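Report on one structure; see the data block that follows.
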Amino acid sequence: MEDYKLFLAFLASALLLGLLSVVFALVWVLSYREGLAWNGGLAEFNWHPLLIITGFVFIQGIAIIVYRLPWTWKCSKFLMKLIHAGLHTIALTLAIISLVAVFDFHNAKEIANMYSLHSWIGLTAVILYALQLVLGIVVFLLPFAPPSLRTAVMPIHTYSGLLIFGTVIATALMGITEKLFFALKEPPYNSFPKEGIFVNTLGVLVVAYGAVILWMATRPQWKRPCEHIFQARQRIVEGLSDDDYDNPDLEFNSDGTARKRNPKSDELDRDQLRKEIPSSFQSILPLRELN
């Protein structure tokens, strides 16, 4: 149970840090900058940091760890794929809108586009993220790819997803710093103005959020068990009523038909479940026959 409590602590920390990052970004553009609008002015530019932090940082991070939420393990893998892809689609949509806001502002003010390192890496991250999403849908969500291809692509998909997420965090920090250098003149950035301290704190929150997400996404003990583990669990526990549960000879399949128990096979299923599902997580899953 201790490992499960640790997972919940990390999850709560991630949600808190992510939400605080979004709130800080909103307060920054509303209280310290020109607010929000879509008029070609600075208020339109302000959509860029707000949408990047909301979508490309916060929502993307949640999409990365959604498979690892143990109470979702009872959901079908296909449903979780839809949720995973849906969250990434929302994040990509917000990132694209934020880019449109920047280009629209630059064009209205006749400012050059794509001259800074922040813009180079940022646009590259958005393009790679879009490719990652499309390839993920084609290979893992649609039913056409053979299992061998999915197995081969999965390590690349996982690594590239984490790499893009880390790149987004770094690019966001570059953008925040760049904006402060451009915007803070009186008083200057190096005189520790309130806005500078506030936005520096936003940067720290973004880094902390990214660190927690990456830690959660790389812990093998928090990984969603394979689908066949839950098929084994269903063969053990599904379909039994309270009266039938004490019958030593009968077991009911999920379609309501009864079959003879196979003690040897069932014991193997239980052993596999114990091995692949961390003991601290077993208490939240309906494994009535596990022990």
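Numbered by numbering that gives the first Met the number 0, the letters in the sequence shown go through residues 0 to 290 in order. Using N, Cα and C, we set each Cβ at its ideal position, and we do this for glycine too. Since the structure is predicted, the reported quantities are computational estimates derived from the model, not experimental observations.
Item	Value
With 16 other Cβ atoms within 10 Å as the buried cut-off, status of I126	exposed
Extent of the continuous alpha helix (DSSP H) run through M113	First-last for M113: undefined, no H or E at that position.
Contacting residues, own chain, Cβ-Cβ under 8 Å from T170 (five flanking each side not counted)	H117, I120, G121 and A124
Assigned exposure category for G255 - 16 Cβ within 10 Å defines buried	Confidence at G255 is low in this model, with a pLDDT of 42, below 50, so its placement is unreliable and the value that follows should be read with caution. Exposed.
Where the alpha helix (DSSP H) containing V152 begins and where it ends	P146 to A182
Exposure label - V22; buried when at least 16 CB within 10 Å	exposed
Pairwise C-alpha distance: V203 and G40	28 Å
E43: first and last residue of the uninterrupted alpha helix (DSSP H) it sits in	L41 to F44
Spatial distance of L14 from L5 (CA atoms)	14 Å
Cβ-based neighbour list, E177, same chain, cut-off 7 Å, excluding 5 preceding and 5 following	S115 and H117
Candidates L18, V26, F44 and D2: closest to T193 by CA position	Note on identity: in this sequence residue 193 is Lys, with Thr being the wrong assignment. Nearest of L18, V26, F44 and D2 to K193, Cα basis: V26.
F55 and V211 closer than 9 Å at C-beta	no
Check whether Y208 and V167 have beta carbons under 9 Å apart	no
Closest Cα partner of K108 within the set A11, L201, N38 and L29	N38
Per-residue burial, R32 [other beta carbons within 10 Å of its own, 16 or more giving buried]	buried
Close-in-space but distant-in-sequence residues of the same chain around L50 (CB under 8 Å, 5 per side omitted)	L93, A94, I96, S97 and A100
Where F291 falls: helix, strand or coil (DSSP)	The shown model of the chain, from 0 to 290, leaves out residue 291, and the question about it has no answer.
Residues near S240 by beta carbon distance below 6 Å, same chain, minus five either side	Residue placement at S240 cannot be trusted, given a pLDDT of 46 that sits under 50; what the coordinates show is reported in the next sentence. Same-chain partners within the cutoff: there are none.
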